[in-house]
Amino acid sequence: MKKILFLLALLMAMATAGAQNASNEKSFVDKLYINLGVSAGTGCDNVHPLTLNADIGYKFVPRLYAFLHGESIYGHSDAEGLKTYVTSQNLGGGLGYTFYKDDVTAIDLRGTVSTSVGKADWKNVAYDLGVMFRVGRGPMKFDFGVSFRHMSSRTAGIGSYNGAFFTLGVGI
Numbered sequence: 037m038k039k040i041l042f043l044l045a046l047l048m049a050m051a052t053a054g055a056q057n058a059s060n061e062k063s064f065v066d067k068l069y070i071n072l073g074v075s076a077g078t079g080c081d082n083v084h085p086l087t088l089n090a091d092i093g094y095k096f097v098p099r100l101y102a103f104l105h106g107e108s109i110y111g112h113s114d115a116e117g118l119k120t121y122v123t124s125q126n127l128g129g130g131l132g133y134t135f136y137k138d139d140v141t142a143i144d145l146r147g148t149v150s151t152s153v154g155k156a157d158w159k160n161v162a163y164d165l166g167v168m169f170r171v172g173r174g175p176m177k178f179d180f181g182v183s184f185r186h187m188s189s190r191t192a193g194i195g196s197y198n199g200a201f202f203t204l205g206v207g208i
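In structure tokens form, the structure reads like this:
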């Protein structure tokens with residue numbers, strides 16, 4: 037008798053799961069958030085950062101998503117006439133909220149925190165808060181963003197960075 041009740045409960049659970057999917061519920065793949073981009077920052081203390089970045093995340097509700105963030109930073113500097121650069125690989129995460137969305141455009145507010153990993157020339161913790169404009173029809177979107185970034189430097193001889201960051205990228 038217990039086996040029959042268990043099988044009946046299992047069949048009922050499977051029936052309701054199928055009904056939820058049939059009512060236009062998005063699949064796991066539709067809720068993924070992926071973004072690849074390049075960012076450039078304004079100069080601060082003779083450092084001009086340039087980054088290549090990637091984000092992958094999940095939309096928990098239609099307007100709120102969390103993501104993992106990875107970037108490679110190149111800090112170009114021109115101190116005392118000597119042009120040099122420092123590198124850093126940062127890993128972190130963030131949250132995003134879509135506060136406007138229509139058929140062609142979306143505007144997101146995003147916050148990101150990341151820290152340098154490995155043998156980085158420029159050890160830092162980066163905090164970023166910005167607005168991302170996503171434009172395009174279909175799944176592929178072009179991203180344009182502007183943000184404020186604070187990078188707390190932990191490397192001797194390199195000061196902390198505060199400046200505007202501008203981003204171009206593609207995403208789904």
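Sequential numbering from 37 applies to the sequence shown in this note's numbering. C-beta: ideal position from N, C-alpha, C; glycine also.
Assignment of K95 by DSSP, reduced to helix, strand and coil, places it in the strand class. The beta-carbon separation of M176 and V206, rounded to 6 Å, stays under the 8 Å limit for a contact. Note on F96: under 16 other CB atoms within 10 angstroms of its CB, so exposed under the neighbour-count rule. The C-beta of Y94 has fewer than 16 other C-beta atoms within 10 Å across all chains shown, which makes the residue exposed. Of the residues assessed, P98 falls on the exposed side of the cut-off, its CB having fewer than 16 other CB atoms within 10 angstroms. For S63, there is no enclosing beta strand (DSSP E), as DSSP marks it with neither H nor E. In its chain, beyond the 5 residues on either side, R99, A142, D144 have a beta carbon closer than 6 Å to the beta carbon of T134. Per DSSP, reduced to three states, the secondary structure at A45 is helical.
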